[in-house]
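Chains as they are written, first to last, in the working numbering: chain B, 6 to 146; chain P, 122 to 252.
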């Protein structure tokens, strides 16, 4: 018997440091894979370029070895890239950061509007063109 | 059979299959959320990333297996298998530790066939988890 729902499991996971750290690793490794593909470079070729072993690259891509500033710069160089790092203020519908970095509360009506827009988007995703258009046609005539 | 929507995003909606009141993916996630917490966090990250930005390119984390079955993976540890339905839906079938790979993959294919059959014959039910 399952003791927690998906929602409960996911909500608790997203608050944890391990989840957030892995999010950064996934972001970096996805960018590396994209650039490797674009440049036509294999793991072993990348390893040769930065003078490490191929298994080391595999470990980095698996997230088993931590990236250092040095390893990121070396990999970026090897992939003909620079590195840009941004710290992004957390934003959500309950609190935005204005131009001066102060947290502001959006108006209540706007929060409602955002919720309605989300609901509408979800409805449209599950919109079945065939049955819905038939229903519309039937009702119109 | 029930397709339970567990995550919605700009790129994909993610569903998990429930059959006879049993959801293999939920049971597995509940199990590893206690015994293998880091693996569990990585899998949740994989689902979130996929829903929001699309299928991951890094095959150490998401990999096509065969016959349309894919795996969310934590190398050497755990797998959650899935398949794509159209261009915007990922359906999770089952999860297992890597020592049970063969049986797990076979089970994923069977579940996919039953899902497609249920969909084709109109007895697939959709339900939403509390997103």
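Each residue gets a CB set at the ideal place from its N, CA and C atoms; glycine is no exception. Small disclaimer: the values here were computed from a predicted structure and weren't measured.
**Asked** For residue 29/B, is the classification buried or exposed, using 16 other Cβ atoms within 10 angstroms of its Cβ as the cut-off for buried?
**Response** The count along the first chain starts at 1 and reaches residue 29/B at position 24. Residue 29/B should be labelled exposed.
**Per-residue burial, residue 22/B [other beta carbons within 10 Å of its own, 16 or more giving buried]** = Sequence index remark: in the first chain, residue 22/B carries index 17 (1-based). That one is exposed.
**Alpha-carbon spacing of residue 142/P relative to residue 122/P, whole angstroms** = On the second chain, residue 142/P is found 21 positions in, with the first residue counted as 1. On the second chain, residue 122/P is found 1 positions in, with the first residue counted as 1. Rounded to whole angstroms, residue 142/P to residue 122/P spans 9 Å at the Cα level.
**Item:** Rounded C-alpha distance that separates residue 186/P from residue 122/B
**Value:** The count along the second chain starts at 1 and reaches residue 186/P at position 65. The count along the first chain starts at 1 and reaches residue 122/B at position 117. Straight-line Cα distance between these residues: approximately 37 Å.
**Asked** Which chain P residues are close to residue 28/B, counting only those with a beta carbon under 7 Å from its beta carbon?
**Response** To locate residue 28/B, count along the first chain from 1; it is residue 23. In chain order: 166.
**Request:** Report the rounded CA-to-CA distance for residue 264/P versus residue 19/B, giving the unit in angstroms.
**Result:** A question about residue 264/P goes unanswered here, because the residues of chain P that appear run from 122 up to 252.
**Asked** For residue 23/B and chain P, any beta-carbon pair shorter than 8 Å?
**Response** On the first chain, position 18 is the one that residue 23/B refers to. Yes, its Cβ sits closer than 8 Å to a Cβ of chain P.
**Within-8 Å CB hit, residue 66/B to chain P** = Translated into positions along the first chain, residue 66/B becomes position 61. Yes, because at least one Cβ of chain P sits closer than 8 Å to the Cβ of residue 66/B.
**Request:** Find the residues of chain B that neighbour residue 170/P, judging by a C-beta separation of less than 7 Å, and give them in chain order.
**Result:** Taking the second chain and counting its residues from 1, the one referred to as residue 170/P is at position 49. The contacting residues are 31.
**Request:** Give the single residue among 51/B, 65/B, 71/B, 27/B whose Cα lies nearest to the Cα of residue 161/P.
**Result:** For the purposes of this step, residue 161/P is taken as residue 40 along the second chain, with counting starting at 1. Measuring from the Cα of residue 161/P, the nearest candidate turns out to be 27/B.
**Alpha-carbon to alpha-carbon, residue 130/P and residue 17/B** = Working through the first chain from its first residue, we reach residue 17/B at position 12. Working through the second chain from its first residue, we reach residue 130/P at position 9. Distance between the alpha carbons of residue 17/B and residue 130/P is about 19 Å.
**Request:** Label residue 75/B either buried or exposed according to how many other C-beta atoms from any shown protein chain fall within 10 Å of its C-beta, with 16 as the threshold for buried.
**Result:** As a working mapping, residue 75/B is identified with position 70 in the first chain. By the neighbour-count rule (16 or more Cβ atoms within 10 Å), residue 75/B is not buried but exposed.
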